[in-house]
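*Asks:*
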Amino acid sequence: MIGWEKRKTNSEQSDPELTKLLGEFCHQTGERLETIARRIGYDHDLGATRKQIYEQLGNIEGLSIKEKLHASKNIDGKVETLEMWTTLPDDARVVFVMDVLGRE
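Remember, the working numbering sits 88 above the position in the sequence shown when you count from 1.
1) Pull up the distance between the alpha-carbon of residue 149 and that of residue 157, whole angstroms please.
2) Within the same chain, show all residues whose beta-carbon is closer than 6 Å to that of residue 155, passing over the 5 residues directly before and after it, in chain order.
3) Under a three-way DSSP split, which group does residue 162 fall into?
4) Does the Cβ-Cβ distance between residue 141 and residue 163 come in under 8 Å?
5) In whole angstroms, give me the CA-to-CA distance for residue 176 and residue 184.
What follows is the structure in structure tokens.
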């Protein structure tokens with residue numbers, strides 16, 4: 089039967105180079121989206137942490153707003169300092185803040 093043979097359509101034909109290129113593109117896009125999601129999560133966590141630090145500084149009597157801001161910047165400025173802050177009990181936080189501010 090001439091003329092009745094089924095021809096391959098474009099969707100049935102495969103270009104290995106195009107398939108590979110699209111696969112790499114999808115993989116790279118996935119990695120970028122993952123990075124963006126991590127950054128958004130980190131920024132959100134950091135913002136919530138800063139708010140929590142400032143609220144905790146509000147529990148320390150005798151600090152001016154300027155001192156709270158100064159202490160807050162110093163506490164969340166370094167990962168090690170922030171980790172220490174989060175593990176300290178309230179009475180040790182008072183001593184920690186006074187040390188950061190240079191007060192005894």
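A virtual CB, placed ideally from N, CA and C, is assigned to each residue, including glycine.
*Replies:* This is what the structure holds:
1) 14 Å
2) 189
3) helix
4) yes
5) 9 Å
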